[in-house]
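**Student:** What follows is a single structure, and I will ask about it in a moment.
4 protein chains.
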Amino acid sequence: MAGKLQRQKQEKKESLVDASYDLFLKKGFNKTSIDDIVKKANVAKGTFYLYFKDKSDVMENIVLRMSSRILVEAYRAADERGCDDLVENIIFVVDYIVEYFKRNKLVLQMIKRDFSWPLIREKIDELSPEYGEALEVLESFLTHPYFAGQDPDEVFKLLFLIIDMCGSVCYSSIIHNQPDDIDHMKPFLYGVIRKILKK
Amino acid sequence: MAGKLQRQKQEKKESLVDASYDLFLKKGFNKTSIDDIVKKANVAKGTFYLYFKDKSDVMENIVLRMSSRILVEAYRAADERGCDDLVENIIFVVDYIVEYFKRNKLVLQMIKRDFSWPLIREKIDELSPEYGEALEVLESFLTHPYFAGQDPDEVFKLLFLIIDMCGSVCYSSIIHNQPDDIDHMKPFLYGVIRKILKK
Amino acid sequence: MAGKLQRQKQEKKESLVDASYDLFLKKGFNKTSIDDIVKKANVAKGTFYLYFKDKSDVMENIVLRMSSRILVEAYRAADERGCDDLVENIIFVVDYIVEYFKRNKLVLQMIKRDFSWPLIREKIDELSPEYGEALEVLESFLTHPYFAGQDPDEVFKLLFLIIDMCGSVCYSSIIHNQPDDIDHMKPFLYGVIRKILKK
Amino acid sequence: MAGKLQRQKQEKKESLVDASYDLFLKKGFNKTSIDDIVKKANVAKGTFYLYFKDKSDVMENIVLRMSSRILVEAYRAADERGCDDLVENIIFVVDYIVEYFKRNKLVLQMIKRDFSWPLIREKIDELSPEYGEALEVLESFLTHPYFAGQDPDEVFKLLFLIIDMCGSVCYSSIIHNQPDDIDHMKPFLYGVIRKILKK
DNA sequence: TATGAATGAGTATTCATTCAT
DNA sequence: GATGAATGAATACTCATTCAT
């Protein structure tokens, strides 16, 4: 029954990731010790090093997983509407993510504090296919007829810049209310996105 | 000669700030210890605590001072050109800052890692008039005839968002070459700024 | 006007003692730093060392002064009653002190934590005549007709032991409610004193 | 062989307690640093925190253990004499303890400086049954026929007060020779105890 | 006398990492 | 694989004391 053992093994790792996630959110990355993690995960200290190189290793895991999850979730929600207007779909996705961050300030804080949103792509390149689905979402935007005839690289930069800007605005407005709270920034932000995407 | 003592005192503080600055750049904020700082500054450990509450206290000092300095420098350079076109002036300022960051990657890394650009305003409000000149730069943009008739708050948000976006793009492209290197991003970025500012 | 200077000088010392007293009570002896003291006293750090060797030096000053003050105060109150019964007078004095400690738990804690009541005599021997009045009180008991014919040394030991015991019981019962609260201990304690003094 | 590991673990703890004991005696509690302790105990600094919360934590351990030990030892010695007279037995126990303190001035100093003898009961309540034997000694006095018919609470107060007084007198006379050395205080002290216990 | 800037040894505590079992 | 006792370097922060002014 190798499967059972595999599952048990995987359970320990899962348990460590889950514990880390909770603690990073609650106490922040720096103030969370490996000791905290293994205690919460109910495994021995040495076990941590069986699965991860160090704390950052777990963190990367988490950020990647979460970012990917949110993006895919947002895309699916957009897809279900059955709307064909790409600009509106992008804004829908952005809004979905903004709303997610409004509800999950700590996630935003965690991601922003230690990693920059767009870095995800670097990692995805490395770690595919585990996070392939997120890549597919990006692809589906890039190959949309709306951008027909444009250099795909340029389009990618455009999307990248939009995501980047949104992340930045979210962080400033949701966490620090600068220059205004997110609900007052939203119409403004979406206006800018429309301008950027206008052909 | 009370002045001499005051000067000596100021020198110690300066020395601590300088040492901190160098070390934060070289080793990063987290990996720099107070011990490192005082050793490099050639002062006793206790002296550090005479002038600063903790490491973050020095950091805030540094970031504020540098950000203010760069902004003012960029604005002056723009001013000297004697060009009246606001949009072009803004792009000039942005470009000045981008070029600065290209030359000083570590500064960018330092600022971005621990503080968000636009937060500076919060601090300036507190610490004026020491950093009043930076504020004046912002004011001069806000009150430019180009924005005549627009809600100043809206204009501020616009400028804020542009600065924010630039900082983010700089960080991604200069530090991580994502999605492309900064020189390939620049025309693109400035195009977006023009779109955003277009009336 | 040497007098004025003398007074000013004395004021600094007074100010240091007062500040120390307040701080020892509030934060405890160990957790009070010389820095705390000079800040509260509004004098420069160096000034402290002009008047005291170290922290303990101030403490001894305080304990001595306070102990002497309480004892004399208690004795005077007893004296005013015009009662001749020595045993009752001693119990009256003890009760006066007990009541004082009930109202000033912190004083009790302070004295007991760092110095033992009866040590005062050692100091009085050294520092007379500043605290001579307290000595007189002791004398007046020692030479009371009640003890006529007894070895004065023996009488002193008796009184000493009583004071000692009272201090100990006060500390245990007032601070720790052990073995019972002070009001339940009092009749008991006074009974024991009567037994001890009975001829 | 799980036992071996357990034993080694216990040895480390023992080693820390022993080292602390020696150092507290030699240098006093306040002047002993954790560093001193671990160096003497030949364990790593972190190991200390594996077994104790802080310095006071070790101290409580030590005081409790020693007090209990001395009391039990004294009681056993009294028991072996086979004498039935309670008053004489109490005086024997007291004398045993006094003699112990005469031989171990530093122990007295240590105990008295930081903890009050009778507080031990509070702790014993918490930590039984490890120190149950000491409790039994107290019980055996409380339930002695000599006190038949008296309120046990009152009897406890009486014993408490006697112990308290003895501790205080020991401290003053053994450590400070005040008001006289212990050998001159002893007959006097025992006389007082007899008076107190006389029905 | 009085000041207060400067000192730097001293201290408690944390924590990533190892390794024998 | 899994454990958890042991490590000890690292670190932040305190504070009594000095001394030039």
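Protein chains in written order, with UniProt numbering: chain D, 1 to 199; chain H, 1 to 199; chain Z, 1 to 199; chain E, 1 to 199.
Each residue gets a CB set at the ideal place from its N, CA and C atoms; glycine is no exception.
1. Determine the chain D residues that contact K26 (chain H) at a beta-carbon separation under 9 Å, and present them in chain order.
2. Against chain H, with Cβ distances strictly below 9 Å, would P179 (chain D) count as a contact?
3. Looking at L158 (chain Z) and L138 (chain Z), is the spacing between their C-beta atoms short of 9 Å?
4. Is F141 (chain E) close to chain Z, meaning its C-beta is less than 9 Å from at least one C-beta of that chain?
5. By alpha-carbon positions, which one of Z:G167, Z:K26, Z:L16 ends up nearest to I34 (chain Z)?
6. Using the beta-carbon count (16 or more within 10 Å), is G132 (chain E) buried or exposed?
7. Within the 9 Å Cβ cut-off, does I90 (chain Z) reach chain E?
8. Please confirm whether V94 (chain E) and Y75 (chain E) have their CB atoms less than 9 Å apart.
9. Using 8 Å for Cβ pairs, my map puts M185 (chain Z) next to S173 (chain Z). What's the rounded Cβ distance?
10. Measure from the alpha carbon of A41 (chain H) to the alpha carbon of each residue in H:D18, H:R194, H:K27, then state which is nearest.
11. Interface residues of chain E around D164 (chain Z) at Cβ under 8 Å?
12. From Z:K53, Z:I97, Z:M110, Z:F147, pick the residue whose C-alpha is nearest to that of K31 (chain Z); which is it?
13. Verify the CB distance criterion: does S15 (chain Z) have a CB-CB separation below 9 Å to chain E?
14. Along the chain, where does the alpha helix (DSSP H) that runs through A134 (chain Z) open and close?
15. Drop a sphere of 10 angstroms on the beta-carbon of L64 (chain D), count the other beta-carbons inside from all chains shown, and report buried for 16 or more, exposed for fewer.
16. Alpha carbon to alpha carbon, what distance is there between K198 (chain D) and F188 (chain D)?
17. For S67 (chain Z), which option in Z:V107, Z:D57, Z:V43, Z:E99 has the closest C-alpha, if you only look at C-alpha atoms?
18. Just verifying my parser: in three-state terms, what is the DSSP assignment at S33 (chain H)?
19. Any idea if A78 (chain D) is buried or exposed, counting beta-carbon neighbours within 10 angstroms, 16 or more meaning buried?
20. Taking the beta carbon of Y49 (chain Z) as the centre, do at least 16 other beta carbons fall within 10 Å, making it buried, or is it exposed?
21. Within this structure, are the beta carbons of K12 (chain D) and I37 (chain D) separated by less than 9 Å?
22. At the 9 Å Cβ level, is F101 (chain E) part of the contact set with chain Z, yes or no?
23. Have a look at I97 (chain D) and V72 (chain D) and give me their C-alpha separation to the nearest angstrom.
24. Starting from V43 (chain E), trace the alpha helix (DSSP H) both ways and give me its first and last residue.
25. Just by C-beta distance, which residues in the UniProt domain "HTH tetR-type" (10 to 70) of chain E are closer than 9 Å to chain Z?
26. Between the C-alpha atoms of D183 (chain Z) and I196 (chain Z), what's the straight-line distance to the nearest angstrom?
27. Please classify residue 214 (chain H): is it buried, with 16 or more other beta-carbons within 10 angstroms of its beta-carbon, or exposed?
28. Around the C-beta of C83 (chain H), are 16 or more other C-beta atoms found within 10 angstroms, so that it is buried, or is it exposed?
29. Beta-carbon separation of Y171 (chain E) and I91 (chain E) under 9 Å?
30. Distance cutoff 9 Å, beta carbons only. Does E154 (chain E) sit that close to anything in chain Z?
31. Could you compute how far the alpha carbon of P179 (chain H) sits from the alpha carbon of N104 (chain H)?
32. Span of the alpha helix (DSSP H) holding S168 (chain H)?
33. Shorter than 9 Å from the beta carbon of I196 (chain E) to some beta carbon of chain Z?
34. In the DSSP assignment, find the alpha helix (DSSP H) that holds N177 (chain Z) and state where it starts and stops.
35. Please name the residue in E:A148, E:N89, E:I62, E:L23 whose C-alpha comes closest to that of R194 (chain E).
36. What's the gap between the Cα of V155 (chain Z) and the Cα of V58 (chain E)?
**Tutor:** Once the coordinates are examined:
1. Here the premise fails: no neighbours, minimum Cβ distance about 20 Å.
2. Yes, P179 (chain D) lies at the interface with chain H (some Cβ there is under 9 Å from its Cβ).
3. No, they are not a contact pair.
4. False, the Cβ-Cβ gap to chain Z never drops below 9 Å.
5. Answer by Cα proximity: Z:L16.
6. When all chains shown are included, G132 (chain E) counts as exposed.
7. For I90 (chain Z), the answer is no, since every Cβ of chain E falls outside 9 Å of its Cβ.
8. Not in contact: V94 (chain E) and Y75 (chain E) (Cβ atoms no closer than 9 Å).
9. Right, the Cβ-Cβ distance comes to about 5 Å (below 8 Å), so this counts as a contact.
10. It is H:D18 whose Cα lies nearest to the Cα of A41 (chain H).
11. Correct list: M165, S168, V169, S172.
12. If you compare the alpha carbons of Z:K53, Z:I97, Z:M110, Z:F147 with that of K31 (chain Z), the shortest gap goes to Z:M110.
13. Cβ-Cβ to chain E under 9 Å: no for S15 (chain Z).
14. Start and end: 132 to 142.
15. Burial check for L64 (chain D): the Cβ neighbour count within 10 Å reaches 16 or more, so the residue is buried.
16. Roughly 15 Å between the two C-alpha positions.
17. Nearest option by C-alpha distance: Z:V107.
18. In this structure, S33 (chain H) counts as coil in the three-state DSSP scheme.
19. Answer is buried; the Cβ neighbour count reaches 16.
20. Counting every other CB atom within 10 Å of its CB across the protein chains shown gives Y49 (chain Z) a total below 16, marking it as exposed.
21. In this structure, I37 (chain D) does not lie closer than 9 Å to K12 (chain D) by Cβ.
22. Cβ-Cβ to chain Z under 9 Å: no for F101 (chain E).
23. Each residue's alpha carbon lies about 10 Å from the other.
24. Counted as a single uninterrupted DSSP element, the stretch harbouring V43 (chain E) is not any alpha helix (DSSP H), since DSSP gives it neither H nor E.
25. Hits within the stretch, in order: N30.
26. Going by the C-alpha atoms only, they are around 20 Å apart.
27. There is no way to answer for residue 214 (chain H), as the model of chain H reaches only from 1 to 199.
28. With fewer than 16 other Cβ atoms within 10 Å, it is exposed.
29. Cβ distance not < 9 Å, so Y171 (chain E) and I91 (chain E) don't count as in contact.
30. Chain Z, which has a Cβ nearer than 9 Å to the Cβ of E154 (chain E), makes this yes.
31. Rounded to the nearest angstrom, the two C-alpha atoms are 20 Å apart.
32. Where S168 (chain H) is concerned, the enclosing alpha helix (DSSP H) stretches over 152 to 170.
33. Answer yes: the Cβ-Cβ gap between I196 (chain E) and chain Z drops below 9 Å somewhere.
34. Careful: N177 (chain Z) lies outside any alpha helix (DSSP H) and carries neither H nor E.
35. Checking every option, the nearest Cα to that of R194 (chain E) belongs to E:N89.
36. So the two alpha carbons sit approximately 42 Å from each other.
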